[in-house]
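Peer 1: I'd like to ask some things about the structure below.
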């Protein structure tokens, strides 16, 4: 059953942690081989005892995964368990709200970066495969309805570049209670301040302002739609890789 569940998760995006019990001081050989699966959104699927499952999950959350390894946990009764920890990393996902000129180049760049890109626009002439041949999905639907067809988790980049501030706000309202890896929205600083004020009055999460990358993109003095797309893609990469966004020539410790 666990393998069936794992197969159903493959290709859904994000990372999947797989932990398998390989040794224990408990005289119960049936535990050997038992698996625990942790999805990127924190959801846990396990055939292991609830308390032990919570213990293992806490250990994983507190650790940093770099490669296949083993970890050990000790339960409240002093019994030890050793587990093999592996991680399956699916393609990261990007959701682009808006099918305008910036989005055309942005989707091309993100696709080259191996993102699984979904484009959403409510206009058929802007939401079609001919316009976005590199996109994984092109959804022609209202922004609010289209959100029901996509998954937003900690391995998702959400990019709001619609044709107008009213639509930007609709998208932000729909997405602000989720936890994407990257959340960016186009607009001037003045307009962003106005939007955030309205969002706060409507009960936005307290951390929305710190999570939202707006105005979107890195400062490269971009002017054309293609240049703006490159600045956005660079900021997205930094959010996933932990980069500073500074020129390498000014970064200390770069060899």
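Numbering (my numbering), first residue to last: -10 to 244.
Quick reminder that beta carbons are idealized off the backbone N, C-alpha and C, glycines included.
1) Have a look at 77, 19 and 14 and flag the residue whose alpha-carbon is nearest the alpha-carbon of residue 6.
2) If I measure Cβ to Cβ from residue 74 and keep anything under 6 Å in the same chain, skipping five residues before and after, which residues do I get?
3) Counting only runs that start and end within the stretch 26 to 92, where is the alpha helix (DSSP H) found for 4 or more residues in a row?
4) Should residue 84 be counted as a contact of the ligand GTP given a C-beta to heavy atom distance under 6 Å?
5) Check whether the stretch 157 to 170 and the stretch 181 to 199 are in contact - that is, three or more C-beta pairs closer than 8 Å.
6) What first and last residue would you give for the beta strand (DSSP E) that runs through residue 146?
7) Does the separation of the CB atoms of residue 29 and residue 142 fall below 7 Å?
8) Between which two residues does the beta strand (DSSP E) containing residue 107 stretch?
9) Looking only at its own chain, which residues have a Cβ that is under 8 Å from the Cβ of residue 49, when we skip the five neighbours before and after it?
10) If you follow the beta strand (DSSP E) that residue 173 is part of, which residue opens it and which one closes it?
11) Could you give the C-beta distance for residue 41 and residue 70, rounded to a whole number, given that I count them as a contact under 8 Å?
12) Enumerate in chain order the residues of its own chain whose CB-to-CB distance from residue 92 is below 7 Å, with the five nearest sequence positions on each side excluded.
13) Measuring CB atoms only, is the stretch 194 to 206 touching the stretch 165 to 180, in the sense that at least three cross pairs come out at less than 8 Å?
14) Can you give, in chain order, each stretch of the alpha helix (DSSP H) that sits fully within the stretch 157 to 236 and has at least 4 residues?
15) Is residue 205 near residue 175, with beta carbons less than 7 Å apart?
16) Taking the C-alpha atoms as reference points, what is the distance between residue 122 and residue 209?
17) Identify every residue that forms a DSSP beta bridge with residue 5.
Peer 2: Reading from the atomic positions:
1) When each option's Cα is compared against that of residue 6, the closest is 77.
2) 8, 58 and 60
3) 39 to 51
4) Although the ligand GTP was asked about, the structure shown includes no ligands whatsoever.
5) Contact between the stretch 157 to 170 and the stretch 181 to 199 is present, because at least three Cβ pairs lie under 8 Å.
6) 145 to 149
7) yes
8) 105 to 110
9) 6, 8, 27, 60 and 74
10) That run of the beta strand (DSSP E) goes 171 to 174.
11) 7 Å
12) Residues of the same chain with a CB within less than 7 Å of the CB of residue 92, apart from the 5 flanking positions on each side, are 85, 108 and 150 in chain order.
13) yes
14) 178 to 190, 197 to 200 and 214 to 230
15) yes
16) Rounded to the nearest whole angstrom, the CA to CA distance from residue 122 to residue 209 is 27 Å.
17) 28 and 77
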